[in-house]
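Only one structure is covered here, and it is reproduced in the block below.
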Amino acid sequence: TSYIGYNSASNCTAWIGGYDPSSGAPSVLDGKGAKCMIGYAAAKRNFHVDVYVNHDGPLFLEGVRDSVKKEVLELVHQDFVDKLKDAKVDVYTEWLTLYQLERALDDKAIPVVLISTYRFDRRKVPHWVVLVDMDDQFVYIHDPDVNDEEGQNEFDNHYIPITRSNFDRMFQFGQNRLRCAVILRED
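The sequence shown begins at 636 in this note's numbering and counts up one residue at a time.
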């Protein structure tokens with residue numbers, strides 16, 4: 636069975652028929668290589684996947700000073716690119732707009748988007764959320780980041796309203812204004 640959901644550890648997970656080590660762990664919505672792993676895991680489970688990223692090449696290199704770490708990121712990026720190509724995942728190098736995300740939701744797709752958490756917690760951290768709805772004023776997200784220390788549970792971060800203008804600013808990360816999304820559709 637294929638579906639998208641939340642796991643018991645309160646992490647948003649692309650549950651695509653369960654864990655399969657041969658396709659990569661589907662619980663990959665956080666971390667710097669997630670766009671490729673989400674897309675790859677979903678494609679291996681017969682989801683239609685579109686990846687949108689507004690930059691070519693390895694991501695997040697601008698903050699890495701160590702040449703060995705940069706080389707590792709470049710190698711991992713190329714491996715992900717090869718896997719996506721083999722899985723026939725479409726990768727679009729373009730600036731994805733709120734209008735396009737709204738059309739995806741209208742088509743019953745599930746956008747998983749990279750945001751900067753700065754407007755939430757003043758930390759400049761890349762973070763993946765699931766876009767669940769939009770209206771004229773707000774974008775609504777499910778955020779997998781549950782703060783156990785504050786007594787939150789996995790339902791506290793569901794259907795969070797963010798004004799469209801704030802979300803548009805959050806929907807980019809870093810000095811290069813990286814904008815990235817993985818759009819999942821059931822085949």
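The C-beta atom is built at its ideal place from N, Cα and C for all residues, glycine as well.
Asked                                                                                                             : Found
From ARG820, ASP778, PRO693, SER751, residue whose alpha carbon lies closest to that of ASP714                    : PRO693
Cβ pair TYR775, GLU729 closer than 8 Å                                                                            : no
Uninterrupted alpha helix (DSSP H) stretches inside the region 672-721 (no shorter than 4 residues)               : 702-721
Whole-angstrom C-beta distance between LEU731 and MET769, which should lie under 8 Å                              : So it is not a contact: roughly 13 Å between Cβ atoms.
Spatial neighbours of LEU696 in its chain, beta-carbon cut-off 7 Å, leaving aside the 5 residues before and after : LYS705, LEU708
TYR727 - containing beta strand (DSSP E), residue span                                                            : 725-728
Sub-8 Å separation of ARG799 and LEU733 beta-carbons                                                              : yes
Member of GLN772, ARG804, PRO746 whose CA lies at the smallest distance from the CA of ASP778                     : PRO746
Extent of the continuous alpha helix (DSSP H) to which PHE755 belongs                                             : 753-756
For TYR794, the nearest candidate out of VAL765, PHE802, ARG804 (CA to CA)                                        : VAL765
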